[in-house]
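**Q** Throughout, my numbering is defined as the position within the sequence shown, counted from one, plus 757.
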Amino acid sequence: MNIQTSPTTHTTTKKSIGKTGVLIVNLGTPDSPNTPDVRKYLREFLMDGRVIDISYTSRWMLINLIIAPFRAPKSAKVYKELWTEAGSPLKTYGVAVEEMLQKALGNEYVVKLAMRYQSPSIENSLAELQQLGLSKITVIPFFPQYASASTGSVYEEVMRVLSQWQVMPELRFVNRFLDHPKFIEGFVQAGKKYLAERDYDHILFSYHGLPERQILKGDYTGKQCKLGSCCDTANRHNQFCYRAQCFETTRLLVKELGLEEGTYTTAFQSRLGKTPWIKPYTDDIIKELAGRGIKSVLAFSPSFVADCLETTIEIGDEYKELFEEQGGEHWQLVESLNDSKIWVETLVDLVKQEA
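See the structure below:
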């Protein structure tokens, strides 16, 4: 017997069930480079228990009695060096990408930018999306490699906000994208521009650091992580290990750049406090390279998709100065993906890959 569909049967289409929201989230930036705004930003950022993972009381005393009062004025001076007429580069690029991605995705999507800390906040951006009757929300943290202190913190804040909604749309997170071909190609294109201009003695891949204890906490086996050779390959046991993901990112970039073994190094920057952070440290590697007679270095920062304090100032200026003090002659930072066409194409792929 043939069963025929009734003419009154309804078919569900994308148009009939609403649009898809896309929340793109970067770390955040002070509202201005003035000390009160920088202090406010530092307090919110560093009071996150996933960023400084110690007891609440100890964290509160450390941040509010030591770091915020004494570090904010110094950080404000550095932010003033970074600031442009348009404002913070990280936020400026974020706004530009928001507009470009909206145009690329079309009317079936609604793109909103948010910052994990400060403005526009995740809560406010989600509130705007809530009013649209969306059928689905895709959240893309702007962190190529997963870490509890970055991607994990975005997850937690998004879920905190959504837990207060009576009606929740379908929700999807992009966990990481370090191995997306266009993400890799974006940095390769930027790097090849400098490699075409001159020969470099060494290539440095500098990633943001994390305390070793946070890496060890993430080892679900309790015995896999050794903070060493276990990061030499990517496997199911270390797929969420931030250090292993950084080394994997380097391997992918090295392959596409055609670099020979011994001509590049992976290192970690921005450590804070006296507790051990993941190694090797970028500043130690810089001294070592200069001591070996290396005179020119091309530096990548593939844990950041937008230029910010850690790229423009720390790597571009402070590490350049350190390298030259040690006898180096030429230091060049490769810019982040920022608002490049290939970065927007990467995001389009990430949005649509499971559509």
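Yeah, the Cβ is synthetic: ideal placement off N, Cα and C, and Gly gets one too. For clarity, every value in this text was computed on a predicted model and none was experimentally measured.
1. Rounded C-beta distance between Val-1101 and Met-857? I'm assuming under 8 Å.
2. Over the uninterrupted alpha helix (DSSP H) stretch that includes Met-916, give me the two end residues.
3. Beta-carbon separation of Asp-1040 and Leu-1079 under 8 Å?
4. Count the other CB atoms, across all protein chains shown, that sit within 10 Å of the CB of Val-896; report buried if there are 16 or more and exposed otherwise.
5. Roughly how far, in whole angstroms, is the beta-carbon of Tyr-874 from the beta-carbon of Phe-802, given that I think they are within contact range, below 8 Å?
6. Which of the three DSSP states, helix, strand or coil, is assigned to Gly-1048?
7. Since Ile-1070 and Glu-838 are thought to touch, with beta carbons under 8 Å apart, how far apart are those beta carbons, to the nearest angstrom?
8. Between the region 966 to 978 and the region 1080 to 1097, are three or more C-beta pairs nearer than 8 Å?
9. What are the start and end residues of the alpha helix (DSSP H) that includes Thr-1103?
10. What number of angstroms, rounded off, separates the C-alpha of Leu-886 from the C-alpha of Gly-985?
11. Distance check for Lys-831 and Arg-1008, CA to CA, integer angstroms please.
12. Leaving out the 5 sequence neighbours to the left and right, which residues in its chain are closer than 6 Å to Pro-898 when beta-carbon positions are compared?
13. Could you check what DSSP says for Thr-1068 in three-state terms: helix, strand or coil?
14. If you run the structure through DSSP and keep just helix, strand and coil, what is Met-872?
15. What residues match up with Tyr-866 in a beta bridge as DSSP calls it?
16. Report yes if the C-beta distance between Leu-1003 and Ser-1060 is below 8 Å; otherwise report no.
**A** With the given structure in hand:
1. Sequence index remark: in the sequence shown, residue 1101 carries index 344 (1-based). Sequence index remark: in the sequence shown, residue 857 carries index 100 (1-based). Rounded to whole angstroms, the Cβ separation of Val-1101 and Met-857 is 5 Å, and the two are in contact under 8 Å.
2. Within the sequence shown, residue 916 is the residue found at index 159, counting from 1. Run containing Met-916: 910 to 919, per the alpha helix (DSSP H) assignment.
3. Residue 1040 sits at position 283 when you count from the first residue of the sequence shown. Residue 1079 sits at position 322 when you count from the first residue of the sequence shown. Their beta carbons are under 8 Å apart, which means Asp-1040 touches Leu-1079 by this criterion.
4. Taking the sequence shown and counting its residues from 1, one reaches residue 896 at position 139. That one is buried.
5. Locating residue 874 in the sequence shown gives position 117, where the first residue counts as 1. Locating residue 802 in the sequence shown gives position 45, where the first residue counts as 1. Contact between Tyr-874 and Phe-802 holds, with the beta-carbon distance rounding to 5 Å and staying under 8 Å.
6. The residue labelled residue 1048 in the question sits at position 291 within the sequence shown. Helix, per DSSP.
7. To locate residue 1070, count along the sequence shown from 1; it is residue 313. To locate residue 838, count along the sequence shown from 1; it is residue 81. The C-beta distance from Ile-1070 to Glu-838 rounds to 6 Å, short enough to fall under 8 Å.
8. Because the criterion of three Cβ pairs below 8 Å is not met, the region 966 to 978 and the region 1080 to 1097 do not touch.
9. Walking along the sequence shown from the start, residue 1103 turns up at place 346. From DSSP, the alpha helix (DSSP H) with Thr-1103 extends over 1098 to 1109.
10. Along the sequence shown, one-based indexing puts residue 886 at 129. Along the sequence shown, one-based indexing puts residue 985 at 228. Each residue's Cα considered, the two are about 43 Å apart.
11. Within the sequence shown, residue 1008 is the residue found at index 251, counting from 1. Within the sequence shown, residue 831 is the residue found at index 74, counting from 1. Here the C-alpha atom of Arg-1008 lies approximately 36 Å from the C-alpha atom of Lys-831.
12. Numbered from its first residue, the sequence shown carries residue 898 at position 141. Around Pro-898: Val-782, Thr-908, Val-911.
13. Numbered from 1 along the sequence shown, position 311 holds the residue referred to as residue 1068. Reduced to three states, the DSSP call for Thr-1068 is helix.
14. As a working note, residue 872 is residue 115 in the sequence shown. For Met-872, the three-state secondary structure derived from DSSP is strand.
15. Taking the first residue of the sequence shown as 1, we reach residue 866 at position 109. Assignment of beta-bridge partners to Tyr-866 by DSSP yields Thr-777.
16. Locating residue 1003 in the sequence shown gives position 246, counting from the first residue. Locating residue 1060 in the sequence shown gives position 303, counting from the first residue. Per the sequence presented here, residue 1003 reads as Cys, with Leu not at that position. It is a contact, given that the beta carbons lie within the stated cut-off.
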